[in-house]
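In this note's numbering, the protein residues as written are 6 to 453.
Built from N, CA and C at the ideal position, the CB exists for glycine as well.
A quick note: this is a predicted structure, and the numbers were derived from the prediction, not measured.
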């Protein structure tokens with residue numbers, strides 16, 4: 006039997022409270038055409054094996070990142086994930102579709118979150134990190150709201166080379182939370198003069214390093230300018246492996262670090278699930294959103310772990326909470342922590358060096374092709390090329406040749422036709438010399 010807890014009397018009482026006469030009244034604002042009852046033009050049902058075959062044929066039309074030389078980037082990066090990562094995160098002690106709340110969170114789960122927080126704080130050179138957010142975009146939006154609360158101001162300035170997904174998520178939050186977003190235009194050829202945009206109404210300036218076009222910068226002077234005006238500096242990082250080589254946000258005197266953690270422990274997975282990173286200074290911790298695991302001792306003096314400052318979370322304070330993010334990407338964060346623990350400090354730095362070396366070798370070969378110009382003067386493992394024809398057409402031609410040759414800027418900035426000839430290209434430790442040679446040869450052919 007189905008479990009139906011509500012009877013007719015209950016339904017009548019609810020409808021009366023709402024103020025409608027019947028269930029149909031709940032949908033009176035929906036156009037009647039939506040309720041069309043004619044038979045939908047759908048195929049007949051299939052058996053399991055037929056469905057598997059049909060889906061397999063559809064999937065075979067894609068060129069997957071693992072089946073070809075892959076130079077995709079643009080905020081999601083293909084790295085080698087050790088087999089140990091999958092083995093550990095699939096253990097029954099950890100594997101769950103949802104992060105448990107305090108009453109049912111085991112000490113092992115809490116310790117894993119605590120270790121993850123420690124790793125993120127160290128990478129960012131910050132004092133404290135949370136137990137992850139949903140992804141880099143929502144983490145950036147949460148940082149802007151956090152800056153609003155800390156400064157009691159309602160204006161966030163977004164750098165031109167902040168990832169457009171991060172910009173869009175922040176603008177959506179701003180629309181419904183009553184703060185202003187000033188989004189600077191993207192310009193791959195020049196540094197954004199952000200200092201000139203800061204005034205006494207600015208809550209924060211949000212930058213990305215490396216930027217969406219790949220440029221690597223030191224924002225120490227910008228941090229000083231923000232602080233003179235009473236504003237905060239937020240530094241976002243879409244490629245966390247860069248922190249094995251690039252100056253960390255904390256060393257630039259940034260106030261909040263946010264980023265995407267997908268590159269460690271998590272495959273591309275066609276766009277998710279990923280995990281958002283956030284770290285900040287001790288003095289700002291009470292305004293940091295999401296979960297925070299603390300270390301404590303029990304009545305017998307034994308080391309233990311607890312969720313702390315949870316009154317900030319939506320499930321307790323509801324509309325008065327600092328954030329509506331009241332869970333975290335726990336399994337993805339665990340994968341991140343396991344991968345980074347396997348690498349160790351020296352291994353992580355070595356991984357970053359390999360990534361930069363692969364990108365440098367690739368940039369040299371591609372820039373030597375007639376008509377191709379390397380836009381960047383600095384980069385980590387991703388850079389931008391200017392091509393003599395629309396990049397989207399070139400990418401399609403490369404795919405037909407079995408090469409995933411980067412992300413056309415027009416896909417990320419479709420509203421900017423002046424960027425149509427730009428191609429974002431990333432190289433990681435997964436790209437060998439043969440891959441680089443194949444890409445260079447295929448790009449030369451595609452441009453003829």
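Between residue 271 and residue 337 a beta carbon distance of about 5 Å is seen, short of the 8 Å cut, so the two are scored as contacting. Take residue 80, set aside five residues on each side of it, and the residues of its chain with a beta-carbon closer than 6 Å to its own are 168, 243, in chain order. Between residue 393 and residue 219, the alpha-carbon positions lie close to 20 Å from each other. According to the DSSP assignment, residue 283 belongs to the beta strand (DSSP E) that extends over 281-285.
Assigned with DSSP and collapsed to three states, residue 420 falls in coil, not helix or strand. By the CB criterion at 9 Å, residue 76 and residue 440 fall inside the cutoff.
Listed in chain order, the alpha helix (DSSP H) elements of length 4 or more contained wholly in the region 125-158 are 141-156.
DSSP, read as helix, strand or coil, puts residue 179 in helix. Per DSSP, residue 410 lies in no alpha helix (DSSP H) segment and is marked neither H nor E. Per the C-alpha coordinates, the member of 142, 216, 289 positioned closest to residue 276 is 142. When only Cα atoms are considered, residue 330 and residue 416 end up about 29 Å apart. DSSP, reduced to helix, strand and coil, places residue 35 outside both helices and strands of the structure shown, so it counts as coil.
At the C-beta level, residue 180 and residue 165 stay beyond 9 Å of one another. Its chain contains 169, 191, 424 as the residues whose beta carbon lies nearer than 8 Å to that of residue 418, once the 5 sequence neighbours on both sides are disregarded; these appear in chain order. If you look at residue 307, you'll find it isn't in any alpha helix (DSSP H); DSSP assigns it neither H nor E.
Ranked by Cα distance from residue 196, the options 206, 223, 205 are led by 223.
Contact between residue 334 and residue 137 holds, with the beta-carbon distance rounding to 5 Å and staying under 8 Å. Secondary-structure assignment with DSSP links residue 209 through a beta bridge to 161, 237. In the structure shown, residue 391 falls within a strand segment according to DSSP collapsed to helix, strand and coil. Under the DSSP assignment, residue 349 falls in the alpha helix (DSSP H) whose first and last residues are 335-372. Of 386, 92, 300, 391, the smallest CA-CA separation from residue 115 is found for 300. By the 16-neighbour rule on beta-carbons within 10 angstroms, residue 40 is exposed. In this structure, the straight-line span from the alpha carbon of residue 48 to that of residue 38 is close to 22 Å. DSSP places residue 300 within a strand segment (E or B) once states are collapsed to three. Ranking 386, 54, 362, 27 by CA distance to the CA of residue 245 puts 386 first. Judged by their CB atoms, residue 248 and residue 134 are not nearer to each other than the 9 Å cut-off.
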